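Q: Have a look at the structure that comes next, please.
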Amino acid sequence: MTSRSLYFKLLWEDLKRRSWAIALAVIAFFFALPINLALTMENAQADNFYRYNDYVSLDTMHWSSEAAKAARILELKTGIVLSGGEFGNGFLAFLMIVTAVVMGVSSFAYLHNRRKVDFYHSLPIRREMMYLVQYTGGVLIIAGIYLLNLIFYVGVSCTYGVPVGNVLGGLLAGWLLNLLYFLLLYGVTVAAVMLTGQLLVGLLAVGVLFFFLPVLVLVLESYCEIFFETMPVQWQWEEGWLMDTLKWISPFTAYLFALSWGMKELGNHIPALIVTFFAVLALGIFGMALYRLRPLESAGRAMAFRRTRTPIRFIMVWGYGIMGALFFWMIQSRPYWAVFGAVMGALISHCVIEVIYHFDFKKLFAHWPQMILAVALSIALFFSFRFDWWGYDSYLPAEEKVESASVSMDLDQNWLSGRKIETAPDGSQSVSWEDPDEYRMENMYITDLQPVLTLAQEGIRQEKAAREERFDQWKQSGSSPADERQNLVWSSFQVSYRLNNGRTVSRRYNFGMDENMMEAYSQLYEQPAYKEGLYSILGQSAENLAWASYEESGAVYGGMTDRKSLSQLLAAYQADLMDLTVETRQKENPVGRLMFADQEQKKFLDEHSVQAGRNAYSSDTYTPYDVCQGWPVYPSFDRTLSFLRDQDIAAGYGLNSEDVDSISVDFYWNEEKTLEELQAVNSRFETIDRMVFDDPEEIALLLSAFSEDEMYNYNGLCDVRGDFTLYVRTKKGDGVSGSLQMNRITPEIEELFVGTGLFEE
1 MTSRSLYFKL LWEDLKRRSW AIALAVIAFF FALPINLALT MENAQADNFY
51 RYNDYVSLDT MHWSSEAAKA ARILELKTGI VLSGGEFGNG FLAFLMIVTA
101 VVMGVSSFAY LHNRRKVDFY HSLPIRREMM YLVQYTGGVL IIAGIYLLNL
151 IFYVGVSCTY GVPVGNVLGG LLAGWLLNLL YFLLLYGVTV AAVMLTGQLL
201 VGLLAVGVLF FFLPVLVLVL ESYCEIFFET MPVQWQWEEG WLMDTLKWIS
251 PFTAYLFALS WGMKELGNHI PALIVTFFAV LALGIFGMAL YRLRPLESAG
301 RAMAFRRTRT PIRFIMVWGY GIMGALFFWM IQSRPYWAVF GAVMGALISH
351 CVIEVIYHFD FKKLFAHWPQ MILAVALSIA LFFSFRFDWW GYDSYLPAEE
401 KVESASVSMD LDQNWLSGRK IETAPDGSQS VSWEDPDEYR MENMYITDLQ
451 PVLTLAQEGI RQEKAAREER FDQWKQSGSS PADERQNLVW SSFQVSYRLN
501 NGRTVSRRYN FGMDENMMEA YSQLYEQPAY KEGLYSILGQ SAENLAWASY
551 EESGAVYGGM TDRKSLSQLL AAYQADLMDL TVETRQKENP VGRLMFADQE
601 QKKFLDEHSV QAGRNAYSSD TYTPYDVCQG WPVYPSFDRT LSFLRDQDIA
651 AGYGLNSEDV DSISVDFYWN EEKTLEELQA VNSRFETIDR MVFDDPEEIA
701 LLLSAFSEDE MYNYNGLCDV RGDFTLYVRT KKGDGVSGSL QMNRITPEIE
751 ELFVGTGLFE E
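When we follow UniProt numbering, the leftmost residue of the sequence shown carries the number 1, and every step to the right adds one.
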């Protein structure tokens, strides 16, 4: 008998043995693919695709022709088909995970039964051939059933009018990718079965290989987040090597990360797919090696290989020890409770594992020295984070070791939002929001490092004090550093050092700035490298501009499209922004804002606006506020304001008291007072929680200190009175809201609010 005929004969026998698994898989995929698609299509047609059309009825949309409406319906149907069958579908992923475990366990479950092991290994068949049959049998079952139901799925889509060519590529790509990660999960499951001697222990081993290391990484990340005060936010999810390991240490997390890519970004992850492919091959070979080395007498024992017991037990006991320490620290935040948690976590896990290994309660402490070592290492790890033995929060590189730095401060950029127009493979466009820090990292190269290091050094000092204050559970009540610094200007400060050796190291601080820090901050803000790396408008080319608008006091002056005017306006604004200083920002808030649109943004707005026939409530309808970045215009921006005034735009004047009908202020009282009592003190009370100012002189007085909400949010240095809001109503019926600028509040303004307690000490 040839090897090929033997393989197929054994494979046929294996398939008959697993007919129950085949039947379950057929039912699961049949309901997950064709039946699910039919039900989804019926529901979509019943509500006229309302949910799939961004909750906008097709009947309320304006169509240039019936053909356009039919094309939109076909587009929605195609999207439904692809979302249910391509790579990234959550239900299909769940099926692949479950079937990988079921097939992996059922393929080699006979290894856990001594009689079956004796029978199979008494056959005149090489172990390699036996392994190949069992291993490939589980794969072929799922691959074949998945493909068969995918054919039915395409058939159902055709009955609803979706051409095969519209979906075939995406569905086949989904089939291949889901199978790739099925093989990864399947290979790990087979390895877990090989390493164990009992079915229940094998299933527990699958759970450990799938979930234990990812949970351990998340626990270590929690240690960093809790104890490292200066850890940047991006480090947790994007740049940190610790979180990045989640993609590689478990087949489960590798699959989850791959699902998050979606089909649109698949091309960016080809290296990861290649690594996954070779990991699948390696797991298959590793499984065969275990199968060949596996002792016949291991069936019925907890672990098939004695040498694997110690490292697995030690890693798990140590892991549960640090989990226990973190759990009790989060409850009580006291070191002795963390020590208790480490001891309990390690002790309980050690005893449970020993019972599983030996099935004998007398063996609970058979390896107690290992348990003591695991407890000691767990406690040591906890204290290394608690007292920062790593020196993470105190890191400050020497100036000569830094090539350049990039810096972000909330004071300067919390209003920035990177907007980018993206084009999908089907040609549709949308606006994506990007982290401004991405632009900063690509464009900011500060070489004058003294202000940066000064701010970082003070940040280290303040974070150390805050750390001790937060962790010191025996601190006596009374004043704290926070009480003494309550009047300082607070901001977060993230710095990324580009070191001479090629590394990039980032730290994030939250601090209050005194006079010395404000001086360093002023020096930093006035550096061209800082502003050019922070404000993208400074790198904007006039040749690419297509449109601009100006907004002030609720009025929008838009539609500037003349190329020469755009170039002059851009040059004026860039010069004013470069000249802006911290001292100026401390004295005044923006009075208006500019918006610029380049050629691509202007074209996008022309095609996706209400004026272009789009439904105002549709998610694919956009306004300039959705697409363009707003840029603040300060009263001191003489070049910009002068140019705008030359264009007959009333820029820089703010609200005119002659155009205002009234100003109202709402309050939230902590004590009950009648309206009569309030009006006896101040006649401006209209109700017990509202004051109205309609006297022209009083309106003019309030407007002299008024700062519009939309504008002062662009500046974090010039404080406003934020505990109440002024609502300005114009004679045209329009209105804007805002607050009183602190440095412009006069005794005359305070007198207007007598009886409110707002300005009483």
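Even glycine gets a Cβ: it sits at the ideal position worked out from N, Cα and C.
Predicted model only: the values in this text are computed from it and were never measured.
Quick one: give me the first and last residue of the alpha helix (DSSP H) that V156 is part of.
A: For the purposes of this step, residue 156 is taken as residue 156 along the sequence shown, with counting starting at 1. Where V156 is concerned, the enclosing alpha helix (DSSP H) stretches over R127 to T159.
Q: Could you spell out the range, first to last residue, of the beta strand (DSSP E) harbouring I372?
A: Along the sequence shown, one-based indexing puts residue 372 at 372. That residue, I372, is in no beta strand (DSSP E); its alpha helix (DSSP H) goes W368 to R386.
Q: My assumption, with CB atoms under 8 Å, is that S378 sits in contact with A405. Please give the rounded CB distance.
A: Numbered from 1 along the sequence shown, position 378 holds the residue referred to as residue 378. Numbered from 1 along the sequence shown, position 405 holds the residue referred to as residue 405. In fact, because the Cβ distance is near 37 Å, the residues do not count as touching under 8 Å.
Q: I need the DSSP call for M691, collapsed to helix, strand or coil.
A: Taking the sequence shown and counting its residues from 1, the one referred to as residue 691 is at position 691. Strand.
Q: Using the Cα positions of Y395 and F493, report the straight-line distance between them to the nearest angstrom.
A: Position 395 of the sequence shown, counted from the start, is the residue given in the question as residue 395. Position 493 of the sequence shown, counted from the start, is the residue given in the question as residue 493. Distance between the alpha carbons of Y395 and F493 is about 15 Å.
Q: Using only the alpha-carbon positions, how far apart do R563 and L569 sit?
A: Looking up residue 563 in the sequence shown gives position 563. Looking up residue 569 in the sequence shown gives position 569. Looking at the two C-alpha atoms, the distance is approximately 10 Å.
Q: When you compare the region 177 to 185 with the region 249 to 268, are there three or more beta-carbon pairs, one atom per stretch, that lie closer than 8 Å?
A: In short, these stretches touch, since the Cβ pair count reaches three.
Q: Starting from Y727, trace the alpha helix (DSSP H) both ways and give me its first and last residue.
A: On the sequence shown, residue 727 is found 727 positions in, with the first residue counted as 1. Premise fails: Y727 lies in the beta strand (DSSP E), V720 to T730, not in any alpha helix (DSSP H).
Q: Taking Cβ positions, are V407 and M371 nearer each other than 9 Å?
A: As a first step, residue 407 must be located in the sequence shown, where it is residue number 407. As a first step, residue 371 must be located in the sequence shown, where it is residue number 371. Taking 9 Å as the Cβ cut-off, V407 and M371 do not qualify as a contacting pair.
Q: Are the region 70 to 90 and the region 16 to 26 touching by the rule of at least three beta carbon pairs closer than 8 Å?
A: Short answer: they don't touch.
Q: Three-state secondary structure (DSSP) at I663?
A: The count along the sequence shown starts at 1 and reaches residue 663 at position 663. In the structure shown, I663 sits in a strand (DSSP, three-state: E or B).
Q: Taking the alpha-carbon of A597 as reference, which of F49, S541 and A100 has the nearest alpha-carbon?
A: As a first step, residue 597 must be located in the sequence shown, where it is residue number 597. The option with the nearest alpha carbon to A597 is S541.
Q: Which whole-angstrom value describes the C-beta separation of K602 and W547, a residue pair presumed to lie in contact below a C-beta threshold of 8 Å?
A: Taking the first residue of the sequence shown as 1, we reach residue 602 at position 602. Taking the first residue of the sequence shown as 1, we reach residue 547 at position 547. Contact holds; Cβ gap of about 5 Å.
Q: Tell me whether N268 sits in a helix, a strand or coil according to DSSP, three-state version.
A: Walking along the sequence shown from the start, residue 268 turns up at place 268. In this structure, N268 counts as helix in the three-state DSSP scheme.
Q: Going by alpha carbons, who is nearest to K363 out of A374, T276, H350 and S384?
A: Here the question's residue 363 lines up with position 363 in the sequence shown. When each option's Cα is compared against that of K363, the closest is H350.
Q: Taking only the alpha-carbon atoms, compute the straight-line gap between G592 and A529 and give it to the nearest angstrom.
A: Within the sequence shown, the letter at position 592 stands for residue 592. Within the sequence shown, the letter at position 529 stands for residue 529. Looking at the two C-alpha atoms, the distance is approximately 25 Å.
Q: In its own chain, which residues sit with a C-beta less than 8 Å from the C-beta of L524, not counting the 5 before and 5 after it?
A: Translated into the one-based positions of the sequence shown, residue 524 becomes position 524. So the qualifying residues of the chain are V407, I446, P451, V452, L455 and Y530.
Q: Taking Cβ positions, are D694 and I663 nearer each other than 9 Å?
A: Residue 694 sits at position 694 when you count from the first residue of the sequence shown. Residue 663 sits at position 663 when you count from the first residue of the sequence shown. Cβ atoms of D694 and I663: closer than 9 Å.
Q: Helix, strand or coil for G558? Go by DSSP, reduced to three states.
A: As a working mapping, residue 558 is identified with position 558 in the sequence shown. Here G558 sits in strand by DSSP.
Q: So, under 8 Å CB-CB, L140 and L33 are touching, yes? Tell me the CB distance rounded to an integer number of Å.
A: For this step, residue 140 is matched to residue 140 along the sequence shown. For this step, residue 33 is matched to residue 33 along the sequence shown. About 18 Å separates the two Cβ atoms, so there is no contact after all.
Q: Between the region 105 to 115 and the region 182 to 197, do three or more beta carbon pairs fall short of 8 Å?
A: The answer is yes - the region 182 to 197 touches the region 105 to 115, with three or more Cβ pairs under 8 Å.
Q: Excluding the 5 residues flanking D410 on each side, which residues of the same chain have their C-beta closer than 6 Å to its C-beta?
A: As a position in the sequence shown, residue 410 is number 410, starting the count at 1. Counting only Cβ-Cβ distances below 6 Å, and skipping sequence neighbours, we find S491 and S492.
Q: Taking the straight line between their C-alpha atoms, what separation do you get for A283 and L111?
A: What you label residue 283 is simply residue 283 of the sequence shown in a count that begins at 1. What you label residue 111 is simply residue 111 of the sequence shown in a count that begins at 1. According to the sequence as given, residue 283 is Leu; it is not Ala. Their backbone Cα atoms lie some 18 Å apart in a straight line.
Q: Among residues of its own chain, excluding the 5 on either side of G744, which ones have a beta-carbon nearer than 6 Å to its beta-carbon?
A: Counting from 1 along the sequence shown, the entry for residue 744 is found at position 744. Note on residue identity: the sequence assigns Arg, not Gly, to residue 744. Result list for R744: A705, in chain order.
Q: Can you give me the C-alpha to C-alpha distance between I322 and G207, rounded to a whole angstrom?
A: In the sequence shown, the residue the question calls residue 322 occupies position 322. In the sequence shown, the residue the question calls residue 207 occupies position 207. Between I322 and G207, the C-alpha separation is close to 19 Å.
Q: Excluding the 5 residues flanking L199 on each side, which residues of the same chain have their C-beta closer than 8 Å to its C-beta?
A: As a first step, residue 199 must be located in the sequence shown, where it is residue number 199. Correct list, in chain order: V105, A109 and H112.
Q: Report the option in R690, F228, T196 and T581 whose CA atom is closest to the CA atom of P295.
A: Counting from 1 along the sequence shown, the entry for residue 295 is found at position 295. Minimum Cα distance to P295 is reached at T196.
Q: Please return the same chain residues whose Cβ sits closer than 7 Å to the Cβ of S55, not counting the five positions on each side in sequence.
A: As a first step, residue 55 is located in the sequence shown; it is residue number 55 there, counting from the start. With the sequence shown as reference, residue 55 is identified as Tyr, and Ser is not the correct amino acid for it. Excluding positions up to five away in sequence, the list is empty.
Q: If you draw a straight line from the alpha carbon of S480 to that of G512, how long is it in whole angstroms?
A: Walking along the sequence shown from the start, residue 480 turns up at place 480. Walking along the sequence shown from the start, residue 512 turns up at place 512. Below a pLDDT of 50, predicted positions are generally treated as unreliable, and S480, at 48, falls in that range; no measurement from the model is reported.
Q: Excluding five sequence neighbours on each side, which residues of the same chain lie with their C-beta closer than 8 Å to the C-beta of V217?
A: As a first step, residue 217 must be located in the sequence shown, where it is residue number 217. Here the set comprises L242, M243, T245, L246 and I249.
Q: Buried or exposed: which applies to E676, given that a residue is buried once 16 or more other Cβ atoms fall within 10 Å of its Cβ?
A: Your numbering for residue 676 matches position 676 in the sequence shown. So E676 counts as exposed.
Q: Relative to the C-alpha of E458, which candidate in G138, N501 and E519 has its C-alpha closest?
A: Counting from 1 along the sequence shown, the entry for residue 458 is found at position 458. Nearest option by C-alpha distance: E519.
Q: Please state whether DSSP places F277 in a helix, a strand or coil.
A: Sequence index remark: in the sequence shown, residue 277 carries index 277 (1-based). DSSP places F277 in helix when its eight states are reduced to three.
Q: Cα separation between residue 762 and M231?
A: Only positions 1 to 761 of the chain appear in this structure, which leaves residue 762 out of reach.
Q: For Y634, which of M303, A205, L566 and N715 has the nearest alpha-carbon?
A: Translated into positions along the sequence shown, residue 634 becomes position 634. It is N715.
Q: What's the C-alpha gap between residue 764 and E552?
A: Limits of the chain in this structure are 1 at one end and 761 at the other, which puts residue 764 out of reach.
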